[in-house]
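Report on one structure; see the data block that follows.
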Amino acid sequence: MTPIAGRLLLVVNDAEFFLSHRLPVAVGARAAGYDVRIVTADGPGVPRIRALGFTHRPLPLTRSGTHPVAELRLLIALYRLFRAERPEIAHLVTIKPVLYGGIMARITGVPAVVAAVSGLGFVFLERGVRAALVRRLVAALYRVALGGRAVRVVFQNPDDRATIVRVTGIDESKTVLIRGSGVDLATHVAVPRPPATPVVVVMAARLLRDKGVREFVDAARRLRERAVPARFVLAGDRDPGNPTSIDDRELAAWRAGGLVELVGHRTDVPRLFADADIVVLPSYREGLPKVLLEAAACGRPVITSDVPGCRDAVTPGETGLLVPARDAAALADAIERLVLDPPLRARMGAASRALAERAFSIEGVVDAHLRIYRELRGAVP
């Protein structure tokens, strides 16, 4: 198909993240007539992006680095990228592409910008004087990056939207709420679990402190002491680029202790959840965690934190349970409740699937983004 809708640059920090969270939007935009080009840091996912027929442009981007020379290099690269590609729309995903890309898009005259705030991250979670200063700087950068006329800022939950509107003063009419990245309901199906002892409790996440990984391990310890018949599976890898990553020594201690089964990063999430009875995510804050959408689509009850993003993926008491963040004791109690009540697990699992069908389909997410693109193209003189 000859592109008829203009050039769209999708700028994402990480190639793997693009493939797992934004690929359907890119495919949908291409089908709608856009000349879609993908911009990420170099990485193992890049060959697959190219194999899918997309033009890829590399960026010298690190997710959490703050070295002034590296940040300046990234700003210059974004400036040159926008000048060379001349997109009609720049769709910026995650914090550095949004902040730096938004600023460079304004400087280079990119007609329209979509800024996807996937979650506020550790910048808004950390405490102390230094964290407060960083938040003030980030808020100032947001004000500049999102200050253009033809801009839409996409949030995954209302709490994040309220926070950014409050700290930046951006016009709320520029904001759009889309509940997560969506899930493929055809590949994520509800497979009934045969009665089994022990019950399998799965947490799938990067091994970060602010994902609640320590609380999950502590809950497993508490329930072992109570002789609750459950297996605990932790799927995910360390993330050395994130300052809250679990270190090798702590991971080795967990492995030696045998409280949880460490299975590493899994790409076969439907299979992982088909073998689970309960899915847990005790995170401190999220955008709208895809893992909870996938759990719902697979018909599994979930236990997650009563914090922005996480609570937006659950109907409390119907599809799962909410617990306070950073509270391993409450997490253990909630897990024990579901472990010991198979009928409740079954009811919540069925309700989870119904919620996914109603609110989390990937088709709905793609359509919402295409509407934003059309609106922005109409707003550009």
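Count along the sequence shown starting at 1, add 1, and that's the number in my numbering.
Quick reminder that beta carbons are idealized off the backbone N, C-alpha and C, glycines included.
- When secondary structure is reduced to three states using DSSP, residue 263 falls in the strand class.
- Around residue 76, the same chain offers 101, 105 as residues with beta carbons nearer than 7 Å, after the five sequence neighbours per side are excluded.
- Residue 359 holds the alpha-carbon nearest to the alpha-carbon of residue 186 among 349, 359, 10.
- Taking a 10 Å sphere around the C-beta of residue 266, we find fewer than 16 other C-beta atoms and assign the residue as exposed.
- With fewer than 16 neighbouring CB atoms inside 10 Å of its own CB, residue 174 falls in the exposed class.
- Going by C-alpha positions, residue 202 is about 30 Å away from residue 365.
- A direct Cα-Cα distance of roughly 9 Å separates residue 157 from residue 290.
- Rounded to the nearest whole angstrom, the CA to CA distance from residue 189 to residue 321 is 18 Å.
- Contact check for residue 140 against residue 111 fails: the beta carbons are separated by 8 Å or more.
- Linking residue 62 to residue 378 through their CA atoms gives a straight-line distance of about 28 Å.
- Straight across, the Cα-Cα distance linking residue 74 with residue 59 is about 13 Å.
- The closest CA to that of residue 232, considering only 224, 195, 353, is found on 224.
- Here the alpha carbon of residue 50 sits roughly 43 Å from the alpha carbon of residue 337.
- In terms of Cα proximity to residue 10, the closest of 17, 20, 32, 41 is 41.
- Straight through space, the alpha carbons of residue 367 and residue 343 are spaced by roughly 36 Å.
- Under the 8 Å Cβ criterion, the stretch 275-288 does not count as touching the stretch 248-256, having fewer than three qualifying pairs.
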